[in-house]
Amino acid sequence: MSEAEKLSTENKIKPPEKWYSSWFDTPYYHILYKERNYREAQIFMDNLTHYLNLPEKAKVLDLACGKGRHSIYLNQLGFDVLGADLSENSIEEASKNSNETLHFKVHDMREPFEEKYDAIFNLFTSFGYFENDEDNLTTLKAIKESLTEYGFAAIDFMNVHQVLNTLIPEEIKTVDGIDFHIKRYEKNGHIYKEIDFVDEGQSFHFIEKVKALTLKDFEELMEEAGIYLLDIFGDYKLKKFHKTESERLIMIFK
């Protein structure tokens, strides 16, 4: 075996760790974001499922579910829910809430599911993490393949224009006695968040990196994936999307 082949084999055995597979698996990620508005998330799920008019006991996939806050509430609304996420720690935690109609599994969103779903939700800017832009298209195709014939999908993404206009370059956020030093900036078509902190004498540094995808970018990706964009909303109350003002970019498609 040549040196190049050896190197290739080693790379396959030990793939480089991506930021999203390390940061999301730490307890600090959940500490930093513990103050997320659960009531707002519930109102969004109420509005979204009502708008889609999902049938009773519909099969719903919460894609990139984290610790399952949306999955749990969707199940409480009467749906048969699977929460899927790449983070093993998050799925382990979420699985404590499992029941006959609520399940969780570790899954890479670039891979389609064997089972088909009446609705697939990708929520809270859980898209655009990948180093390779082609993976964003692959993910959309996987979502399409995992829907039933009459199924709908929704992506809840940041509104890039509004985020860049209101970006706070630096701040310190103190949670549970930990001072998180946060820097935000745009670079090479991505929005970065650098997070530095010290806990029990040890220094930590993490980076969040999300592709700055606009509505136009999504429209082009969806057209290539053979997806039909049905509706666009600008917030969790499903108000009309405004390019410069809306807090969110929520897209309904099939």
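Residues 240 to 493 (the working numbering) make up the sequence shown, in order. Note that beta-carbon positions come from the ideal geometry of N, C-alpha and C, so glycine has one too. Model, not experiment: these values are computed from the prediction.
Label residue i either buried or exposed according to how many other C-beta atoms from any shown protein chain fall within 10 Å of its C-beta, with 16 as the threshold for buried.
i    : result
N427 : exposed
K273 : exposed
V437 : exposed
N314 : buried
K450 : buried
K298 : buried
T405 : exposed
N398 : buried
D418 : exposed
Can you grab the Cα-Cα spacing for the pair residue i / residue j, in whole Å?
i    : j    : result
M194 : E410 : Within the shown structure, residues of the chain are numbered from 240 to 493, placing residue 194 beyond reach of any answer.
L452 : T340 : 34 Å
I446 : S334 : 27 Å
L468 : I407 : 32 Å
A381 : I330 : 20 Å
E373 : K493 : 20 Å
G416 : G305 : 23 Å
G465 : I430 : 27 Å
T377 : F457 : 13 Å
A392 : I491 : 6 Å
Can you check which of these residues, the options, is closest to residue i by C-alpha distance?
i    : options                : result
M471 : I270, L287, Q281, Y424 : The amino acid occupying residue 471 in the given sequence is Ile; Met does not appear at that position. Here the closest residue by C-alpha is L287.
E388 : Y356, N314, V399       : Y356
I311 : R278, A393, I394       : R278
E439 : F263, Y267, K296, Q315 : Y267
K383 : L302, F263, E425, H400 : L302
A280 : R308, F263, F343       : R308
L321 : N328, S337, E332, E327 : S337
From the DSSP output, read off the bridge partner residues of residue i.
i    : result
G367 : For G367, which the question treats as bridged, DSSP gives no partner whatsoever.
D470 : I491
Q441 : D438
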